[in-house]
Each structure stands twice: as structure tokens, then as C-alpha cells.
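Participant:
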Amino acid sequence: MPDGLPRSFGLDQVLFTLDEPETKPLTETWTTITNDINLVLHLLALYFCWEYPIFASLSKEHFLRDFRDARHRYCSPLLVNALLALGCRFSTNPMTRDSSEDSHFAGDHFFKESQRLFDQETDHHSLTTIQALGIMSIREASCGRDSESRYYVGQSIQLAFEMGLHHAHGEGDQDELAVQLATFWGAFSLDHVYSLATGSLPQCSCFPHLPSKPVIIKDIEATLWVPYTDDGAPLRLPCEQQSNERSVYKCFCELSELVHQSLYLMHSPGKSITARRLLNIFTEYLSWYDAIPDVLRLGHNFSPAVLFAHMYYHFAILLLFRPLIKLRIIGSQVSPRDVCLEAANAIQDLLMSYSRLYTLKRVPSFMPYFALTSSIMHLTIMAVTAPREELDTTERTDSHVSKASNQGITRLAEMTPCHYITEQAPRILCYLAKKWNVDVDVNTGAILNHEEYERVIRSCTSSLNSFLLPMITEGSIFLWDTGKEVEGRTSSQPKKTAASMEDPLFWPFLMQRRPMLSGGRELEEAGFAML
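In the UniProt record's numbering, the protein residues as written are 1 to 531.
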């Protein structure tokens with residue numbers, strides 16, 4: 001790799017916020033990929049500006065202190081290479097690529113070095129290894145490689161439990177405690193966003209023993225969040241603001257606890273969902289949102305992490321109710337369909353705010369999944385609100401939802417330079433629009449036939465992408481309770497197909513497996529009825 005990246009303006013404000021800027025020149029890069037310390041610092045600054053503290057398993061202050069002082073207690077070559085690989089996603093500089101001109105390969109050389117260092121270890125039970133695995137997982141999610149991403153997050157949370165980080169207590173070394181808590185809660189929250197997105201149980205029991213959350217430190221809260229860009233160009237609006245970094249992190253911890261309850265409500269074998277339990281957890285979400293600190297409310301703080309936290313809340317609500325949008329809750333004014341539409345609209349509104357402030361060329365790695373999910377929900381609402389007798393003959397449109405869907409597609413396209421996963425999104429939406437006979441304007445480039453669509457929207461690697469396409473699997477691409485099979489596909493299991501038509505659990509929702517909900521009389525006993 002060519003060396004010689006100049007020192008970027010504003011870098012010290014991102015990396016050295018509490019202490020005095022370094023007085024002696026840094027020379028140790030912690031990686032064999034490059035000896036250019038300015039490039040390394042630049043990529044670290046991009047990560048800490050646009051991704052941290054979202055699902056972060058490291059303590060920024062402890063990591064940077066040891067990085068600067070060449071200490072291996074809270075810094076390691078494995079962790080640094082993982083961070084550099086993820087930081088490359090926010091850069092178009094040719095120096096972030098080994099040789100390819102394709103920006104989607106940015107950071108591959110750092111990531112391969114991370115893999116090599118991880119495979120070289122004979123004992124993975126260390127804080128920096130757990131932290132690196134979380135970062136590697138986020139990076140693979142950005143690339144759309146779900147099975148690899150799930151592997152790394154699974155290793156991270158399992159190692160955290162094996163090391164007993166969930167039993168961390170306040171006695172002893174306070175630095176060690178702070179890093180242990182950050183490491184555990186980062187792994188815990190990352191595991192839960194994956195489980196939420198894929199509709200699976202997290203890798204811990206229903207009632208886990210959880211440690212205290214990281215302490216909110218006023219000096220860290222008061223540090224400024226300063227936008228740091230690849231080319232140093234200023235943003236359109238002045239965006240410097242108080243970071244409230246620890247409050248944001250605590251927010252993700254608390255949301256993860258609510259998500260934990262949701263997942264066990266929806267996916268515990270042998271325990272069906274009831275309307276009462278559903279409304280109870282929904283009330284807990286609403287109460288939590290009403291009680292968030294003023295410093296995290298929209299209008300007071302609009303840093304990328306705060307906007308992301310609000311999106312995550314609406315994402316969790318949407319996925320809680322999404323399998324139920326063809327149902328009503330008996331005796332309740334809460335409508336699953338309305339809740340889902342409100343959540344999808346809120347996500348799109350937050351994306352619009354983010355775009356106006358920062359553009360969508362630099363977004364946290366999970367934001368594309370939120371955007372895609374909300375766009376799919378808008379398509380779904382358009383599909384299921386048609387009169388039954390017109391289902392086969394009339395293209396369904398709704399001006400507001402159609403506009404929101406088209407805006408979602410545009411926003412996903414804007415994220416493409418940063419996250420490769422968004423390249424598949426327009427094709428996924430076009431595929432669904434065609435399947436569900438929904439009239440939206442989806443520009444995917446060349447016109448493809450049915451088989452070509454199925455091919456291009458599958459993962460571009462050998463990775464099994466359970467984020468995107470469980471709809472391709474057997475028995476999952478039927479149009480709810482229409483009694484009609486999707487055109488162009490014949491079933492080899494007619495009895496199973498008939499059952500699928502009657503059972504709302506087989507409706508074709510992406511990114512979420514079937515919840516535990518019975519049909520027929522048991523459905524009514526659980527407090528639900530078909531619309």
C-alpha cells in the first residue's frame with residue numbers, strides 16, 4: 001500500500017477529546033498492512049465519528065490511551081486491524097484498498113489480517129479479542145455477509161459469558177471494570193440486534209444475570225461530537241454538539257433488555273403469544289421512550305448515534321408487530337398494522353433528517369437494515385390493504401405509502417458507497433413489488449426476468465443471508481390468505497400450502513421467522529382475530 005496520507009484537520013478533536021493532544025509523534029501503527037500512522041489515525045477517527053458508540057464493545061478512552069502509549073492491556077493488533085477494516089467503509093480514498101479499484105473491497109486487507117491474527121490465537125479469552133470479534137461482525141454485516149457476521153457475534157457473546165463478564169462488580173480496578181462492562185454490553189446488544197433482525201432467540205437464557213451498565217461520566221458526556229469526513233469538506237449545516245456518549249450507550253443497553261423480552265415473547269417454543277403479553281411489552285417500550293433523558297430527545301441532540309438510537313427503537317416496535325398485521329387485537333384500540341406503519345414512517349423521517357444533516361454516504365452499519373425494513377413494510381401495507389375481490393386484478397396504490405416507499409428506495413441508494421448491502425436493496429424491493437402486484441417506481445437498472453431477480457437478490461457470496469431472503473425458501477412466498485399461489489411457482493406440498501394460506505405465520509415477511517402463535521380457536525383465546 002502506498003504511504004503518505006497527510007494529517008487530517010479535526011482528527012485530534014475526534015480521537016483525543018479528554019486528554020491533551022499527543023505531545024510526541026505517534027509511530028506505532030499496530031498493523032503490518034501499512035506503516036502510515038496518519039492513515040491509521042484517519043481510519044480510526046472515521047470509525048469513532050460515525051459508528052461509535054453504537055453496539056460498541058470497547059471503551060474509547062481506554063483503547064486510545066493504550067494505542068497511544070503502545071500498551072497491550074486494552075489495545076491489540078487484532079482489534080486495531082478490525083477497527084481499520086470497518087473505518088475503511090467510510091472512506092473512498094484509494095489507500096483504503098489493497099489493489100482493486102472497486103470501493104466495495106475497501107478494508108479487505110485489514111480484515112484478512114484480523115482473521116489471520118484471530119486464527120493464530122490459541123486462547124480467545126481476552127477482552128480485546130471479544131471486542132475485535134464484535135467489530136468484525138459489524139463490518140461483515142455492512143458487506144451483507146450475514147452468516148459470517150453471525151459467527152463473529154456468536155463467538156463474541158459466548159466468550160463474554162465464558163469469561164464471566166456478566167458477573168463484573170464494582171470492587172477492585174475501576175479501569176478493568178469499565179472495560180469489562182463496555183465489552184459485555186457491546187457483545188450483548190450486538191447479539192440482540194442480530195436476533196431481532198433474523199427473528200431468532202439470543203444466545204443467553206430467558207432470565208440472564210446482567211451486570212450494571214457503564215457509568216455515565218460527566219467529562220465524557222460533555223465532549224463534543226465533531227463531524228469528521230474523508231476529504232475534510234465541511235457539512236452543509238453546523239453540527240458540532242455535545243456527544244452525550246455514555247447516555248447514548250446506556251440507551252442501547254436498555255433497549256437491548258427490552259428486545260430480549262420481545263424475542264422470548266415471540267419465539268419461545270411451546271409458549272404462544274397472547275395479546276396481553278404483547279400489549280404489556282409494548283407498554284414497556286412506550287414507557288421507556290417517554291422516560292429517555294432530555295439530552296437524547298430529538299431537537300436537543302441530533303448526533304448520528306442519537307438519531308440511530310431513535311431508529312432502533314422504531315425498528316424494534318416494527319418487528320414486534322410485523323407478523324401480526326393481518327390480525328386485530330380483541331378489545332384493544334392498538335392496531336398492529338397502524339403501529340407498523342407509524343414505525344416505518346418514523347424511520348423514514350429520521351433517515352430524512354440524517355440525510356439533510358450528514359448525507360447518507362456515512363451511516364452506521366445497521367442503518368441500511370432499518371431503511372430496508374421500513375421500505376418493505378410500506379410495500380406490505382400497500383399489498384394487504386386492497387379489497388379482497390380486487391386482489392388479483394388491480395395494482396394497489398396508496399399515495400402516501402407509495403411516496404414513502406419511493407423515498408426509502410432513494411435513501412438506500414444514497415448509502416451504497418458506504419455499505420455494499422444496499423446495492424441489493426432496490427432489487428429486493430422490486431422483486432417484492434412485482435410479487436405483490438404493488439405499483440412503485442423502483443429503478444434497478446436493467447430489466448430482469450423472474451429467475452434473474454431471484455438470482456441477483458440472493459447473497460453475492462457463499463454467505464447465507466438470513467437478513468434478506470427467507471422468502472425464497474419453500475412455503476414462504478405466498479400471498480397471505482388469498483388462496484392463490486404466487487405466479488410462476490408450483491408447490492410440491494399442496495397440503496402444506498393450504499395450511500400456509502390459513503396460518504398467518506406463513507405470511508412472507510423478510511428478516512423474521514415465524515413467531516409462536518396458534519391458529520383457529522386458539523388464536524381467539526390468545527386475544528387475536530383475523531381482520
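C-beta: ideal position from N, C-alpha, C; glycine also.
Remember, predicted model here, so these are calculated numbers, not experimental data.
Identify every run of the alpha helix (DSSP H) within the stretch 117-163, keeping only runs that are complete inside it and at least 4 residues long; order them along the chain.
Facilitator: Whole alpha helix (DSSP H) segments, 4+ residues: 127-142 and 146-162.
Participant: Going by the CB atoms, is the gap between H209 and H166 shorter than 8 Å?
Facilitator: A contact, by the Cβ cut-off of 8 Å.
Participant: Rounded to the nearest angstrom, what separates Y152 and G299 at their Cα positions?
Facilitator: Roughly 36 Å separates the two Cα atoms.
Participant: Between which two residues does the beta strand (DSSP E) containing I329 stretch?
Facilitator: L327 to I329 is the extent of the beta strand (DSSP E) around I329.
Participant: What are the start and end residues of each continuous beta strand (DSSP E) run of 3 or more residues lying completely inside the stretch 314-392, in chain order?
Facilitator: You should have 327-329.
Participant: If distances are taken between C-alpha atoms only, which option among D173, A168, Y194 and T122 comes closest to residue 619?
Facilitator: This structure gives no information on residue 619, because the portion of the chain shown stretches from 1 to 531.
Participant: What three-state label does DSSP hand A529 in the structure shown?
Facilitator: In the structure shown, A529 sits in a strand (DSSP, three-state: E or B).
Participant: Nearest to G164 by alpha carbon, out of G134, E140, I130 and L196?
Facilitator: Ranking the options by Cα distance to G164, first place goes to I130.
Participant: Roughly how many angstroms separate the alpha carbons of C239 and L307, rounded to a whole number?
Facilitator: Cα to Cα, C239 sits roughly 13 Å from L307.
Participant: Closer than 7 Å by C-beta to G154: which residues in its own chain qualify, once you throw out the five before and the five after it? Chain order, please.
Facilitator: Result list for G154: Q203, in chain order.
Participant: On a CA-only basis, which of V80, D349, E176 and P53 is nearest L43? Give me that one, please.
Facilitator: Among V80, D349, E176 and P53, the Cα nearest to that of L43 is on V80.
Participant: Whole angstroms is fine: what's the gap from G331's alpha carbon to C206's?
Facilitator: If I take the Cα positions, the gap works out to 29 Å.
Participant: Using a Cβ-Cβ cutoff of less than 6 Å, which residues in the same chain neighbour I421 once the five nearest sequence positions on both sides are dropped?
Facilitator: Closer than 6 Å at Cβ, skipping near neighbours: G144 and P368.
Participant: Got a sec, what are the start and stop residues for the alpha helix (DSSP H) G408 sits in?
Facilitator: Element bounds for G408: S399 to E414.
Participant: Would you check if the distance between the CB atom of E113 and the CB atom of T32 is smaller than 8 Å?
Facilitator: In contact: E113 and T32 (Cβ atoms closer than 8 Å).
Participant: Expressed to the nearest angstrom, what Euclidean distance is found between the alpha-carbon atoms of V324 and S399?
Facilitator: Residue 324 is actually Leu in this sequence, not Val. Approximately 24 Å between the Cα atoms of the pair.
Participant: Note down the Cα distance separating F110 from R277, rounded to an integer number of angstroms.
Facilitator: Between F110 and R277, the C-alpha separation is close to 46 Å.
Participant: If we ignore side chains and look at the alpha-carbon of each, how far apart do E221 and S243 end up?
Facilitator: Roughly 6 Å between the two C-alpha positions.
Participant: I'd like to know if the stretch 55-66 and the stretch 369-380 are in contact, where contact means that at least 3 CB-CB pairs between them fall below 8 Å.
Facilitator: With a cut-off of 8 Å, the stretch 369-380 and the stretch 55-66 do not count as touching, because too few Cβ pairs lie within range.
Participant: What does the Cβ neighbour count give for V440, buried or exposed, with the cut at 16 atoms within 10 Å?
Facilitator: Buried.
Participant: Quick check: A187 and S57, are their CB atoms within less than 8 Å of each other?
Facilitator: Yes, the Cβ-Cβ distance between A187 and S57 is below 8 Å.
Participant: Using the three-state DSSP reduction, which class does V226 fall into: helix, strand or coil?
Facilitator: Of the three classes helix, strand and coil, the one that applies to V226 here is coil, per DSSP.
Participant: Do you know how far the Cα of R362 is from the Cα of W30?
Facilitator: Each residue's Cα considered, the two are about 25 Å apart.
Participant: Let me know the secondary structure DSSP gives D290 once reduced to three states.
Facilitator: Residue state, collapsed to three classes: helix.
Participant: Output yes or no for whether 8 Å exceeds the beta carbon distance between C49 and Y228.
Facilitator: For C49 and Y228, yes; Cβs fall inside 8 Å.
Participant: In the DSSP assignment, find the unbroken alpha helix (DSSP H) run with H62 in it and report its ends.
Facilitator: From DSSP, the alpha helix (DSSP H) with H62 extends over K60 to D69.
Participant: What residue from D290, W436, F55 and A529 has the CA that sits closest to L181's CA?
Facilitator: It is F55.
Participant: What does a CB cutoff of less than 8 Å around L201 pick up in its chain, not counting 5 residues either side in sequence?
Facilitator: Only S195, L263, Y264, H267 and S268 meet the Cβ criterion.
Participant: Apart from the five residues just before and just after A346, which ones in its own chain have a Cβ nearer than 6 Å to its Cβ?
Facilitator: For A346, where only same-chain residues beyond five positions count, the Cβ hits under 6 Å are H314.
Participant: So, at 7 Å on beta carbons, what are the nonlocal neighbours of V14 in its own chain, with the 5 sequence-adjacent residues on each side left out?
Facilitator: Once the five neighbours on either side are set aside, the close Cβ partners of V14 are A45, F48, C49, V226 and Y228.
Participant: Count the other CB atoms, across all protein chains shown, that sit within 10 Å of the CB of S91; report buried if there are 16 or more and exposed otherwise.
Facilitator: The residue is buried, with at least 16 neighbouring Cβ atoms inside 10 Å.
Participant: Would DSSP call V215 helix, strand or coil?
Facilitator: V215 falls in the coil class under three-state DSSP.
Participant: Quick check on K435: buried or exposed, where buried means 16 or more other Cβ atoms within 10 Å of its Cβ?
Facilitator: Buried, because 16 or more other Cβ atoms sit within 10 Å of the Cβ of K435.
Participant: Can you tell me whether Q203 is helix, strand or coil according to DSSP?
Facilitator: Note: Q203 maps to coil in three-state DSSP.
Participant: What's the call for Q333, buried or exposed, on a 16-neighbour Cβ count within 10 Å?
Facilitator: Exposed is the call here.
Participant: Leaving out the 5 sequence neighbours to the left and right, which residues in its chain are closer than 7 Å to S287 when beta-carbon positions are compared?
Facilitator: If we look at S287 and ignore the five residues flanking it on each side, it has no Cβ neighbours.
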